[in-house]
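Notes for the one structure printed next.
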Amino acid sequence: MNHARNAAMALVALLLVVAGVWSSWGSAQHVLLSKGREHGTLTVTGCNEETCSGRYVPDGPPSPHTTLTIEHSVAAGKGQALPVVVKPGTSEAVRTGWGGGLHAWLPLGGALLLAAPVVGGGLRLTRTAWSLAGVGGALLLGAFFAL
């Protein structure tokens, strides 16, 4: 019975971490693997509840995009100029640099914090649980201060 409980707790913790990576990868891939993608600067002109939009100026050759949208949570405010990378085939941008990279991995940070009590309480691995919580918390705090 003890082995079944440990296996179930390990599966739940693994599921949480994999879900965090899966959720993060949608934005993180554009920040981490930005070589060969379109880079530029987005100047925020207006925001609604979910997104902000603005004027886009590419770093390289002329772009078919003149305006782009970005998540409201990574756009500081109207008039702010942000370094961005364009998601291929869309008019959406992802913030680059430390702030954008840490923001992209926020779901993983939350998943690590959620997995920590499962690992500590269910698997009785307290040091590992504290490590997971520390890494998850550091990721969340880093994103908060970088943005």
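To convert, note that position 59 of the sequence shown is 1547 in this note's numbering; the numbers rise steadily by one, no gaps.
Using N, Cα and C, we set each Cβ at its ideal position, and we do this for glycine too.
Keep in mind that this is a model prediction, so the values were computed, not measured.
Item                                                                                                                                                                    : Value
Evaluate R1493 with the Cβ neighbour count: other Cβ atoms within 10 Å of its Cβ, from every protein chain shown; 16 or more gives buried, anything less gives exposed. : exposed
Since L1556 and E1537 are thought to touch, with beta carbons under 8 Å apart, how far apart are those beta carbons, to the nearest angstrom?                           : Not quite, the Cβ-Cβ distance comes to about 18 Å (not below 8 Å), so this is no contact.
Please report the distance separating the alpha-carbon of G1588 from that of N1490.                                                                                     : 43 Å
Span of the alpha helix (DSSP H) holding L1502?                                                                                                                         : 1490-1520
Could you tell me the boundaries of the alpha helix (DSSP H) in which V1574 lies?                                                                                       : First-last for V1574: 1569-1574, but that is the beta strand (DSSP E), not the alpha helix (DSSP H).
Quick one: Cα of V1574 to Cα of P1605, how far?                                                                                                                         : 37 Å
Where do the N-terminal and C-terminal ends of the beta strand (DSSP E) with S1619 fall, by residue?                                                                    : Premise fails: S1619 lies in the alpha helix (DSSP H), 1614-1634, not in any beta strand (DSSP E).
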